[in-house]
Amino acid sequence: MNAEAQTPIGDAWEPNILAFCCNWCSYAGADLAGVSRFQYPPTVKILRVMCSSRVEPAFILKALKDGADGVLVAGCHIGDCHYIDGNKNAEIRINNTKKALGKLGFDKRLRLEWISASEGLRFSEVIRDFTEEIKKLGQNPVKEVKK
Amino acid sequence: MSNVQSCYQCGKCTSICPMRRVSKTSPRSSIYNANVYGLESKDIWTCLTCGLCPQECPQQVDFLNFIREERQGKQPLDIAHLGVFTELANLSSKLNGNIADKPADSKIGFFPGCVDSLDLFLHDVKTNFGEITTSSVKLLDKLGMKPQLLNMKCCGHDVLWQGKKDIFDALKAHNKKYIKESGIDTLVTSCAECYRTFSKDYDLGIKVVHISELLDKLGLKIDADVTFHDPCRLGRHMGMYDAPRKALTANGVRIKEMEHSRENALCCGVSNFMNCNEQTKALRIARMNEARATGAKTLITTCSKCLAHFNCLKTEKDAVNKYDFDIVDLSVFLARQFGEPAKKEQASAGSSKPEV
Numbered sequence: 168m169n170a171e172a173q174t175p176i177g178d179a180w181e182p183n184i185l186a187f188c189c190n191w192c193s194y195a196g197a198d199l200a201g202v203s204r205f206q207y208p209p210t211v212k213i214l215r216v217m218c219s220s221r222v223e224p225a226f227i228l229k230a231l232k233d234g235a236d237g238v239l240v241a242g243c244h245i246g247d248c249h250y251i252d253g254n255k256n257a258e259i260r261i262n263n264t265k266k267a268l269g270k271l272g273f274d275k276r277l278r279l280e281w282i283s284a285s286e287g288l289r290f291s292e293v294i295r296d297f298t299e300e301i302k303k304l305g306q307n308p309v310k311e312v313k314k
Numbered sequence: 002m003s004n005v006q007s008c009y010q011c012g013k014c015t016s017i018c019p020m021r022r023v024s025k026t027s028p029r030s031s032i033y034n035a036n037v038y039g040l041e042s043k044d045i046w047t048c049l050t051c052g053l054c055p056q057e058c059p060q061q062v063d064f065l066n067f068i069r070e071e072r073q074g075k076q077p078l079d080i081a082h083l084g085v086f087t088e089l090a091n092l093s094s095k096l097n098g099n100i101a102d103k104p105a106d107s108k109i110g111f112f113p114g115c116v117d118s119l120d121l122f123l124h125d126v127k128t129n130f131g132e133i134t135t136s137s138v139k140l141l142d143k144l145g146m147k148p149q150l151l152n153m154k155c156c157g158h159d160v161l162w163q164g165k166k167d168i169f170d171a172l173k174a175h176n177k178k179y180i181k182e183s184g185i186d187t188l189v190t191s192c193a194e195c196y197r198t199f200s201k202d203y204d205l206g207i208k209v210v211h212i213s214e215l216l217d218k219l220g221l222k223i224d225a226d227v228t229f230h231d232p233c234r235l236g237r238h239m240g241m242y243d244a245p246r247k248a249l250t251a252n253g254v255r256i257k258e259m260e261h262s263r264e265n266a267l268c269c270g271v272s273n274f275m276n277c278n279e280q281t282k283a284l285r286i287a288r289m290n291e292a293r294a295t296g297a298k299t300l301i302t303t304c305s306k307c308l309a310h311f312n313c314l315k316t317e318k319d320a321v322n323k324y325d326f327d328i329v330d331l332s333v334f335l336a337r338q339f340g341e342p343a344k345k346e347q348a349s350a351g352s353s354k355p356e357v
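Below you can see the structure in the form of structure tokens.
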């Protein structure tokens, strides 16, 4: 993702969130949110992956390094994984990545959420909530140092 | 600049190259391609930078420097674990980072290296890397040194050898500032790679010590047979063969040398997280077989990467029962003789261990 690929709305700064959504639950959940016209801020860019455990720590670190203000990883609820226990592995991975990011002060910019295909409303709530939190945290410090 | 022009293509380097046994890698032809055609050959990425070939070279070509310079600014062929450690170093190099706010009370600084991120991202390996730090600090305390833990960024060894000098320079600038502010005059590391980087690539102006140089004064009486694996960074890069052995023998440990040891030690196969594939696995197996042949119950090394790679092999299904010896770090081995680490220490060191 390009650091310049922000979503400018007027002059105000808006967060730039990258969301990895699993194909079977969360992506369908995002779809449902759209179909049901649940409103959520246009701060998120959705990237479809086959399973939340496909998301390597390296992807998250690379996104943050390149200027993403937040990274959301969304998968099926525990026990509902299409690949039986993919999301359990994802939980271990993301939690470990969070700990590694904690040393750099980035741990609040990474979030792991379980969103099922029927939870369109929850998807919009998660995005709204995460956007608010990122707004409080401010811009990714990588970009500030660059300037 | 490396004196690569003086190569006369005798091919001694290729005949000694450990990668040559398992692949078509040829140090000779990579020099030839660069010198004659100015071509970039694939071999600069498969090189392990283990340092065996410069020892054999009659013209004393600085092959390691050549590889490092050739790699700069180019896209690596492959980085193991999708380059997660590179990305982490890259991210931290872009941040301001904290600087030691007050001069240390202790003149000795201890740098733990990247044990934290190894624990977090290599949790499959089932090795407690954090114990290296707790053990080292414990041993230094026993020696009455009371070190100050340095909260620096990564030393930048991996990114430097992966051809990302811009990241290395950013990390180096921060770390040098940190060390200057903290006011230490001796930097102790427990990692062979950190030791090599701080002493050769940093020009710090302070004393850089590997922990194995200090451990011979512990005065322990250990009754054990061990074998020692020379990490390339400590051995051939820094020429330190005797210090870790002395640290063991002075404490009563008997060392059973492997078939290839000291200057001729085989590489663990995966230096600076560049390659992890069938070829490097074959090298690991060769080294593990040598260790098994000695009959020692413990394999000791001083590099956290060698430790990770050997232990990783042990987690594989067909190798679980084959290698029935422990693989531990030198300071962990010695610290364990003072009794098992307390539960609290273990929890803090291995807090990242997920329950699978």
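Top to bottom, those sequences are chains A and B.
Under our numbering, think of the first position of the first sequence as 168, with each following residue one higher.
Under our numbering, think of the first position of the second sequence as 2, with each following residue one higher.
Backbone N, C-alpha and C fix where the C-beta goes; we use that ideal spot for every residue, glycine too.
Is residue j closer than 8 Å to residue i when the C-beta atoms are compared?
{"i": "Asp159/B", "j": "Phe64/B", "result": "no"}
{"i": "Pro232/B", "j": "Cys304/B", "result": "yes"}
{"i": "Lys154/B", "j": "Gly206/B", "result": "no"}
{"i": "Arg237/B", "j": "Gln163/B", "result": "no"}
{"i": "Arg215/A", "j": "Tyr194/A", "result": "yes"}
{"i": "Leu140/B", "j": "Ala336/B", "result": "yes"}
{"i": "Pro358/B", "j": "Ser191/B", "result": "Only positions 2 to 357 of chain B appear in this structure, which leaves residue 358/B out of reach."}
{"i": "Val210/B", "j": "Val189/B", "result": "yes"}
{"i": "Val23/B", "j": "Cys313/B", "result": "no"}
{"i": "Ile109/B", "j": "Ile185/B", "result": "yes"}
{"i": "Gln150/B", "j": "Ala309/B", "result": "The amino acid at residue 150/B is misidentified as Gln; the sequence shows Leu. No, Cβ-Cβ distance for Leu150/B and Ala309/B is not below 8 Å."}
{"i": "Lys229/A", "j": "Leu185/A", "result": "no"}
{"i": "Ile68/B", "j": "Thr50/B", "result": "yes"}
{"i": "Phe273/A", "j": "Ala197/A", "result": "no"}
{"i": "Glu182/B", "j": "Ile80/B", "result": "no"}
{"i": "Lys265/A", "j": "Leu277/A", "result": "yes"}
{"i": "Val240/A", "j": "Ile259/A", "result": "no"}
{"i": "Leu83/B", "j": "Ala225/A", "result": "yes"}
{"i": "Cys277/B", "j": "Cys307/B", "result": "no"}
{"i": "Ala287/B", "j": "Leu267/B", "result": "yes"}
{"i": "Gly157/B", "j": "Ala90/B", "result": "yes"}
{"i": "Arg328/A", "j": "Pro208/A", "result": "Residue 328/A falls outside the range modelled here, since chain A spans only 168 to 314, and no answer is possible."}
{"i": "Ala193/B", "j": "Arg234/B", "result": "yes"}
{"i": "Thr134/B", "j": "His230/B", "result": "no"}
{"i": "Gly269/A", "j": "Cys218/A", "result": "no"}
{"i": "Glu317/B", "j": "Glu291/B", "result": "no"}
{"i": "Ala244/B", "j": "Ser200/B", "result": "no"}
{"i": "Ser94/B", "j": "Leu172/B", "result": "yes"}
{"i": "Thr332/B", "j": "Ser107/B", "result": "Per the sequence shown, residue 332/B should be read as Ser rather than Thr. The answer is no: Cβ separation not under 8 Å."}
{"i": "Ala263/A", "j": "His175/B", "result": "Correcting the residue type first, residue 263/A is Asn in the shown sequence and not Ala. No. Outside cutoff."}
{"i": "Gln56/B", "j": "Glu264/B", "result": "yes"}
{"i": "Leu216/B", "j": "Leu231/A", "result": "no"}
{"i": "Ala284/A", "j": "Cys188/A", "result": "no"}
{"i": "Cys48/B", "j": "Pro28/B", "result": "yes"}
Which residues does DSSP pair with residue i in a beta bridge?
{"i": "Glu280/A", "result": "Ala241/A"}
{"i": "Leu300/B", "result": "Thr228/B and Ile328/B"}
{"i": "Ile215/A", "result": "For the sequence presented, residue 215/A should be read as Arg rather than Ile. Cys188/A, per the DSSP bridge assignment."}
{"i": "Val189/B", "result": "Phe111/B and Val210/B"}
{"i": "Gln149/B", "result": "Gly110/B"}
Are three or more beta carbon pairs between the stretch 247-254 of chain B and the stretch 218-228 of chain B nearer than 8 Å?
yes
For the stretch 128-140 of chain B, enumerate the residues whose C-beta is nearer than 7 Å to any C-beta of chain A, in chain order.
none
Between the stretch 163-182 of chain B and chain A, which residues of the former have a C-beta closer than 7 Å to a C-beta of the latter?
none
Mind listing which residues of the stretch 203-236 of chain A have their C-beta closer than 7 Å to chain B's C-betas, in chain order?
Glu223, Pro224, Ala225, Leu228, Lys229, Leu231 and Lys232
Name, going along the chain, the residues of the stretch 255-267 of chain A whose beta-carbon falls closer than 8 Å to a beta-carbon of chain B.
Ile259, Asn262, Asn263, Thr264, Lys266 and Ala267
Hey, which unbroken runs of the beta strand (DSSP E) at 3 residues or more fall wholly within the stretch 191-272 of chain B?
208-211 and 226-229
Under 9 Å (Cβ pairs) to chain B, residues found in the stretch 291-309 of chain A
Pro308 and Val309
On the three-pair Cβ rule with 8 Å, is the stretch 5-19 of chain B touching the stretch 295-302 of chain A?
no
If you measure beta-carbon to beta-carbon, which residues of the stretch 83-96 of chain B are closer than 7 Å to chain A?
Leu83, Gly84, Val85, Glu88, Leu89, Asn91, Leu92, Ser93, Lys95 and Leu96
Which residues, in chain order, does the stretch 269-291 of chain A contribute to contact with chain B at a C-beta distance below 9 Å?
Lys270, Leu271, Gly272 and Phe273
Note down, one range per segment and in chain order, each beta strand (DSSP E) of at least 3 residues found wholly within the stretch 42-128 of chain B.
109-112
Going along the chain, which residues of the stretch 103-121 of chain B sit with their C-beta nearer than 8 Å to a C-beta in chain A?
Asp117, Ser118 and Leu121
Given 8 Å, three or more beta-carbon pairs between the stretch 18-35 of chain B and the stretch 240-247 of chain A:
no
Can you pull out the residues from the stretch 209-224 of chain B whose beta carbon lies closer than 8 Å to at least one beta carbon of chain A?
none
Interface residues of the stretch 235-263 of chain B facing chain A [CB-CB below 8 Å]:
none
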